[in-house]
Amino acid sequence: MMSQAMMTVVSQTEIAKDIFELRLKGALVNEMGAPDQFLHIRVPGDELLLRRPISIAAIDADKEECVIIYRTEGKGTTIISKLTAGDELDILGPLGNGYPIDMLAAGQNALLIGGGIGVPPLYELAKQLHAKGVNIVSCFGFKNKEEVFYEEEFASFGKVNIATDDGSYGKHGFVTQYFDELDGFVPDAVFACGPKGLLVAVSKTFDPSLTYLSLEERMACGIGACYGCVCDKKNSTSAYDNYRVCVEGPVFRAEEIVL
Numbered sequence: 001m002m003s004q005a006m007m008t009v010v011s012q013t014e015i016a017k018d019i020f021e022l023r024l025k026g027a028l029v030n031e032m033g034a035p036d037q038f039l040h041i042r043v044p045g046d047e048l049l050l051r052r053p054i055s056i057a058a059i060d061a062d063k064e065e066c067v068i069i070y071r072t073e074g075k076g077t078t079i080i081s082k083l084t085a086g087d088e089l090d091i092l093g094p095l096g097n098g099y100p101i102d103m104l105a106a107g108q109n110a111l112l113i114g115g116g117i118g119v120p121p122l123y124e125l126a127k128q129l130h131a132k133g134v135n136i137v138s139c140f141g142f143k144n145k146e147e148v149f150y151e152e153e154f155a156s157f158g159k160v161n162i163a164t165d166d167g168s169y170g171k172h173g174f175v176t177q178y179f180d181e182l183d184g185f186v187p188d189a190v191f192a193c194g195p196k197g198l199l200v201a202v203s204k205t206f207d208p209s210l211t212y213l214s215l216e217e218r219m220a221c222g223i224g225a226c227y228g229c230v231c232d233k234k235n236s237t238s239a240y241d242n243y244r245v246c247v248e249g250p251v252f253r254a255e256e257i258v259l
């Protein structure tokens, strides 16, 4: 169910270089549930028209609080990064279809793969899978040590493997190196979020029927009306037969889409 509501800033912290953790409070949290749904946030002020889509990283229903984690990349996110406790944000959400978890049972294995700012949506997923008794291994890639975040948080759910492009932390190179170094861990489901190159590699390595990809696309309306964030359906016979990432996604099985 999608709603529009005001939410109050509880806290905001820069947790890595240009990466901010924003905690929000409001009744809208009661409508959140599926991991990797997102919020469409109106930037304070009158200068910017389009809302900013940011994935939900964590949900605390008891406190009516949620966490979003984002990178400052332009004027909109820079404005949001200046907010402090007590400020309010106009929020539309929760939007999109998130990661499914019902097919996994206690004792089964889940592999989580994230790149950069694709890591945050996987945190609520890890929380919910861990609560079900699912075994979790996480593999994350970052540009450098300064941009690594949430390693300890994910470590509370299972083993975490880190790679950095420049070798300043963890394994030197891409996170894909870990795909052949899982020490006998055979995933019953794979969940990934990150840049397109990473998602392509994941879809080629693991069973596409058991692999769930969260796509990162620029969005305008966030509700499927503008068709500005479409992706191609696999085996489609029409150029107009597409998925809208903001509505049918952002999560798809790898076998459903063309990257």
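Per UniProt numbering: the sequence shown ends with 259, consecutive numbering throughout.
Ideal Cβ placement from N, Cα and C applies to all residues, glycine included.
Keep in mind the model is a prediction, meaning the values are calculated, not measured.
Residue from the options whose Cα sits closest to the Cα of residue i
{"i": "Phe20", "options": "Val9, Val43, Arg71", "result": "Arg71"}
{"i": "Arg244", "options": "Ile257, Lys234, Phe252, Val230", "result": "Val230"}
{"i": "Asp207", "options": "Pro121, Leu215, Gly197, Ala189", "result": "Ala189"}
{"i": "Ile101", "options": "Glu153, Asp46, Gly33", "result": "Gly33"}
{"i": "Gln12", "options": "Leu49, Gly86, Arg51", "result": "Gly86"}
{"i": "Val186", "options": "Pro53, Val134, Tyr99", "result": "Val134"}
{"i": "Ser138", "options": "Gly107, Ala131, Glu152", "result": "Glu152"}
{"i": "Asp195", "options": "Asp183, Leu182, Leu213", "result": "Strictly speaking, residue 195 in this sequence is Pro, with Asp absent from that position. Nearest C-alpha to Pro195: Leu213."}
{"i": "Ile69", "options": "Asp241, Val160, Ser81, Asp183", "result": "Ser81"}
{"i": "Ser168", "options": "Val148, Leu182, Ala106, Thr211", "result": "Val148"}
{"i": "Glu216", "options": "Leu210, Gly118, Arg253", "result": "Gly118"}
{"i": "Asn30", "options": "Arg253, Ala61, Gly184", "result": "Ala61"}
{"i": "Gly173", "options": "Leu22, Asn161, Leu89", "result": "Asn161"}
{"i": "Pro35", "options": "Tyr123, Asp166, Asp180", "result": "Tyr123"}
{"i": "residue 262", "options": "Leu22, Gly170, Asp165", "result": "Lying before the first or after the last residue shown, residue 262 is absent from the chain, which here runs from 1 to 259."}
Whole-Å CB distance - residue i paired with residue j, under 8 Å assumed
{"i": "Glu64", "j": "Lys25", "result": "6 Å"}
{"i": "Pro94", "j": "Cys193", "result": "Not confirmed; about 16 Å, so no contact."}
{"i": "Ser3", "j": "Leu28", "result": "6 Å"}
{"i": "Glu146", "j": "Ala16", "result": "6 Å"}
{"i": "Ile136", "j": "Gly158", "result": "4 Å"}
{"i": "Gln177", "j": "Ala163", "result": "6 Å"}
{"i": "Val251", "j": "Tyr99", "result": "5 Å"}
{"i": "Leu259", "j": "Leu198", "result": "Wrong, their Cβ atoms sit about 10 Å apart, outside the cutoff."}
{"i": "Thr84", "j": "Val9", "result": "7 Å"}
{"i": "Gly96", "j": "Val247", "result": "7 Å"}
{"i": "Pro5", "j": "Ile91", "result": "Checking the sequence, you will find Ala at residue 5 rather than Pro. Yes, Ala5 and Ile91 are in contact; Cβ-Cβ is about 6 Å, under 8 Å."}
{"i": "Leu125", "j": "Leu104", "result": "Rounded, the Cβ-Cβ distance is 11 Å, inconsistent with contact."}
{"i": "Lys234", "j": "Asp241", "result": "Not really, about 11 Å apart at Cβ, beyond 8 Å."}
For residue i, the residue or residues it bridges with in DSSP
{"i": "Val160", "result": "Ser138"}
{"i": "Phe38", "result": "Ser55, Leu95"}
{"i": "Phe20", "result": "Glu14, Tyr70"}
{"i": "Tyr243", "result": "Cys231"}
{"i": "Lys204", "result": "Beta-bridge pairing links Lys204 to no other residue."}
{"i": "Ile113", "result": "Cys139, Ala192"}
{"i": "Leu213", "result": "Ala192, Phe252"}
{"i": "Thr8", "result": "Lys25, Glu88"}
{"i": "Asp60", "result": "Glu65"}
{"i": "Ile257", "result": "Lys233"}
{"i": "Ser3", "result": "Gly93"}
*How do the segment 24–39 and the segment 73–80 stand: do at least 3 beta-carbon pairs fall below 8 Å, yes or no?*
no
*Quick check: the segment 97–111 against the segment 141–150, are there 3 or more CB pairs under 8 Å?*
no
*Within the segment 165–194, ranges of the beta strand (DSSP E) (whole runs, at least 3 residues)*: 189–193
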